[in-house]
Structure formats: structure tokens, C-alpha cells
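Letter 40 of the sequence shown, counting from 1, is numbered 341 in the numbering used here, and no numbers are missing.
Cβ coordinates follow ideal geometry from the N, Cα and C atoms, glycine included.
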Amino acid sequence: MAHFPYLEVTRGNPTPEELAALVAVLAWLEDADDTVPETPRSAWSDGARTARRPLPSGRDAWRTSGWVS
């Protein structure tokens, strides 16, 4: 199985620090392509929508219990 270098310097004489910085940037760019932005969730899939609302209290509470707020 052939092994090809990930990076090859064809000209110049970079320092080890410069090569490390270049490899770090290239690795970050390669990893950044894999991230997919999170899509916003629909209100229909929100579990809080199905949670029970507080029960009405006080005079005529039975009448207002069926009203949609």
C-alpha cells in the first residue's frame, strides 16, 4: 500500500513552527467542512407545546377552563 505525504514543501525552508501552524490551519479547515449548521426546530416538534397549562382558579373557573388562551 502506497503512502503519500499529506503535505510537501517544494520551495523554501520553513521552520518547524511555521509547518506546525500550517498543518493546524489545514486540519481546522478540513474539520470545518464536516460541521453542518443545525436547522431550527419546528414549533410542531416542541414538547412544551403539548404540556398542560395551569388550571384556572377562582370564580367561574369551570367556565374559563375550556377557553383557549
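Anyone know if the C-beta pair for P357 and T365 falls short of 9 Å?
Against a cut-off of 9 Å, the Cβ pair of T365 and P357 comes out as a contact.
Hey, quick one: how far does the alpha helix (DSSP H) through T351 stretch, first residue to last?
Element bounds for T351: n/a, residue is neither H nor E.
Does at least one heavy atom of the ligand FMN sit under 8 Å from the Cβ of L323?
This structure simply doesn't include the ligand FMN, nor any ligand for that matter.
Kindly give me the distance between the Cβ atoms of R350 and A344, rounded to whole angstroms, as I take these residues to be in contact under 8 Å.
Rounded, the Cβ-Cβ distance is 6 Å, consistent with contact.
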